[in-house]
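Student:
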DNA sequence: TACTACCCCTTGCTGAACTAGGTATAAGGC
DNA sequence: GCCTTATACCTAGTTCAGCAAGGGGTAGTA
């Protein structure tokens, strides 16, 4: 399929979700993805950071330098109001999509 | 997200499913997709036909000219043994992916 | 001192889907 | 006979997400 283990387009949604509880820096977002999705969805840094910049460029995220929990410089991403709107619509889009997809894939001969 | 309403990579799987009951020509596959997925997943012909050629090139589909139900020339696609194997693994891949995706997207603050 | 974990980034490439066109035939209405 | 609609196939050019494979630098620890 596309790439190795991602259905393209899902990463943006996961990122928005990851920062929905408050500002987070890129590396922490990557860690969260790794933990919650396990080996099923693996996101490389070469995909993660460009995605963050993309979402920032669209105005869905806002970035700000700060200090991480381990006392290092880190760029924190915060969900903008527009980003929260996109998260909401993206969630319902996902639900509709996965519902229809599963329905089709388990359908009997028409 | 990617494109307008597809999660990239799902089309191949849907096509394999569409021909799992027996040979079907491209146009009929498009009609089936339109019917079962409604407006949620819209597949343009400009995406469908290249996808069919792609799957044929991979050896997952075999093509053969024939006559359609409406008495026209049409190219029928049949699932090869390798294609059936791919359908099976694609299905479980989808289940795993959608499970993890939904889990992550509905997760509470960690 | 070396090593690991943390934290950021880019370039070049592949490939799926979109946009926007094109050709041709059968059936049915006028 | 002619026009429209539905059927049935196709391609070229573009966009853009993700991958592979690198890069740099800092804090803490052995």
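Residue numbers (our numbering), protein chains in the order written: chain A, 2 to 111; chain B, 2 to 111. Virtual Cβ for every residue (Gly too), placed ideally from N, Cα, C. Only a predicted model underlies this, so the values are computations on that prediction, with no experimental measurement involved.
At the level of alpha carbons, what is the spacing between residue 29 of chain B and residue 104 of chain A?
Tutor: Residue 29 of chain B and residue 104 of chain A: Cα-Cα distance of roughly 19 Å.
Student: Hey, is the segment 16 to 33 of chain B in contact with the segment 42 to 51 of chain B, meaning 3+ C-beta pairs nearer than 8 Å?
Tutor: Counting Cβ pairs under 8 Å, three or more are found: they touch.
Student: Name the two residues that bound the continuous beta strand (DSSP E) containing residue 65 of chain B.
Tutor: Start and end: 62 to 68.
Student: Does DSSP put residue 59 of chain B in a helix, a strand or coil?
Tutor: Here residue 59 of chain B sits in coil by DSSP.
Student: Suppose you measure from the CA of residue 27 of chain B to the CA of residue 79 of chain A; what does that come to, to the nearest Å?
Tutor: Looking at the two C-alpha atoms, the distance is approximately 46 Å.
Student: Could you run through the segment 20 to 36 of chain A and flag, in chain order, every residue whose CB is less than 9 Å away from some CB of chain B?
Tutor: So the close ones are 21, 22, 23, 33, 34, 36.
Student: Residue 85 of chain B by DSSP, collapsed to three states: which one?
Tutor: In the structure shown, residue 85 of chain B sits in a helix (DSSP, three-state: H, G or I).
Student: With distances taken between CB atoms, is the gap from residue 66 of chain A to residue 81 of chain A smaller than 9 Å?
Tutor: No, the pair does not count as a contact, with Cβ atoms beyond the cut-off.
Student: Buried or exposed for residue 23 of chain A, going by 16 or more other Cβ atoms inside 10 Å?
Tutor: That one is exposed.
Student: Applying a beta-carbon distance threshold of less than 9 Å, which residues of chain A neighbour residue 70 of chain B?
Tutor: Within 9 Å Cβ-Cβ: nothing; residue 70 of chain B doesn't reach chain A, min ~14 Å.
Student: Who are the Cβ neighbours of residue 95 of chain A in its own chain at under 7 Å, not counting the five residues just before and after it?
Tutor: Once the five neighbours on either side are set aside, the close Cβ partners of residue 95 of chain A are 14.
Student: Along chain B, which residues have their Cβ under 7 Å away from the Cβ of residue 97 of chain A?
Tutor: Here the neighbours are 41.
Student: Keeping to the same chain, check which residues put their C-beta closer than 8 Å to that of residue 57 of chain B; ignore five residues upstream and five downstream.
Tutor: Contacts found: 63, 64, 78.
Student: Per DSSP, what kind of secondary structure is residue 97 of chain A in: helix, strand or coil?
Tutor: Residue 97 of chain A: helix per DSSP, three-state reduction.
Student: Which residues does DSSP list as the beta-bridge partners of residue 49 of chain B?
Tutor: According to DSSP, residue 49 of chain B bridges with nothing at all.
Student: Taking the CB atoms as reference points, tell me whether residue 18 of chain A and residue 75 of chain B lie closer together than 9 Å.
Tutor: No; because the gap between Cβ atoms is not below 9 Å, this pair is not in contact.
Student: Reducing DSSP to helix, strand and coil, say where residue 9 of chain A ends up.
Tutor: Looking at residue 9 of chain A - three-state DSSP - the assignment turns out to be strand.
Student: Assuming the contact rule is C-beta atoms closer than 8 Å, residue 88 of chain B and residue 21 of chain B should be a hit. Round their C-beta distance to whole Å, please.
Tutor: Yes, residue 88 of chain B and residue 21 of chain B are in contact; Cβ-Cβ is about 6 Å, under 8 Å.
Student: At which residues does the alpha helix (DSSP H) containing residue 75 of chain B begin and terminate?
Tutor: Residue 75 of chain B -> not in any alpha helix (DSSP H); beta strand (DSSP E) instead, spanning 74 to 80.
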